[in-house]
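Enquirer:
Numbering (the numbering used here), first residue to last: 143 to 282.
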């Protein structure tokens, strides 16, 4: 075999592995975003009971940082972790900025096919963070 052929095969395999890795990471990001969206929707309905008793419902369920974090974490615990994702958790920044909108940040560790097993000793995965918001309003 010629050196040129060996070099071309090496370059081709490197490009193919890079495309597979980038596609896998993008799919993992989409799966994390789906989980964050669902957790934010679930958290947007989590009432802050003391605020409801003090001021009523108003235009939507009042939220607190604690109820949003608790509802988002409970939602992620009940959900099955996708195969490409090694772990996920509610991340910093989860809460409510205005008492009505739920903001959920989910962080996860994703495996990259072929690359993760080879680089396993040095943490061959990639960390992904996504944020989603949701708001429940009540029409008068």
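The beta-carbon is built from N, C-alpha and C at its ideal position, and this holds for glycine as well. Because the structure is a prediction, the values reported are computed rather than measured.
(1) So, using beta-carbon positions, are residue 270 and residue 166 closer together than 9 Å?
(2) By Cβ distance, which residues of its chain are closer than 6 Å to residue 150, with the 5 residues on each side in sequence left out?
(3) Quick check on the DSSP output: what are the complete alpha helix (DSSP H) runs of length 4 or more inside the segment 205–230, in order along the chain?
(4) Please go through the same chain and pick out, in chain order, the residues whose beta-carbon is closer than 8 Å to the beta-carbon of residue 180, but skip the five residues on each side of it.
(5) Please list the terminal residues of the continuous alpha helix (DSSP H) segment that includes residue 172.
(6) Could you work out which residue in 273, 246, 267 and 275 is closest to residue 214 when comparing CA atoms only?
(7) Is the beta carbon of residue 244 less than 9 Å from the beta carbon of residue 208?
(8) Please tell me whether residue 252 and residue 267 are closer than 9 Å, where the distance is taken between their beta carbons.
(9) Just how far apart, CA to CA, sit residue 152 and residue 159?
(10) Would you call the CB atoms of residue 205 and residue 185 closer than 9 Å?
(11) Quick one: grab the DSSP three-state call for residue 278.
(12) By Cβ distance, which residues of its chain are closer than 7 Å to residue 293, with the 5 residues on each side in sequence left out?
Expert: Checking against the coordinates, here is how it stands:
(1) Taking the chain shown and counting its residues from 1, one reaches residue 270 at position 128. Taking the chain shown and counting its residues from 1, one reaches residue 166 at position 24. Not a contact, by the Cβ cut-off of 9 Å.
(2) As a first step, residue 150 is located in the chain shown; it is residue number 8 there, counting from the start. Once the five neighbours on either side are set aside, residue 150 has no close Cβ partner at all.
(3) 207–220
(4) To locate residue 180, count along the chain shown from 1; it is residue 38. If we look at residue 180 and ignore the five residues flanking it on each side, its Cβ neighbours are 217 and 221.
(5) In the chain shown, the residue the question calls residue 172 occupies position 30. Here the alpha helix (DSSP H) through residue 172 covers 145–185.
(6) Taking the chain shown and counting its residues from 1, the one referred to as residue 214 is at position 72. When only C-alpha atoms are compared, the closest one is 246.
(7) Mapped onto the chain shown, residue 244 falls at position 102. Mapped onto the chain shown, residue 208 falls at position 66. No, Cβ-Cβ distance for residue 244 and residue 208 is not below 9 Å.
(8) Here residue 252 refers to the residue found at position 110 when the chain shown is read from its first residue. Here residue 267 refers to the residue found at position 125 when the chain shown is read from its first residue. The answer is yes: Cβ separation under 9 Å.
(9) Walking along the chain shown from the start, residue 152 turns up at place 10. Walking along the chain shown from the start, residue 159 turns up at place 17. Looking at the two C-alpha atoms, the distance is approximately 11 Å.
(10) By one-based count along the chain shown, residue 205 stands at place 63. By one-based count along the chain shown, residue 185 stands at place 43. In this structure, residue 185 lies closer than 9 Å to residue 205 by Cβ.
(11) Reading the chain shown from its first residue, position 136 is the one you call residue 278. Three-state result, residue 278: coil.
(12) In this structure the chain extends from 143 to 282, so residue 293 is not present and cannot be described.
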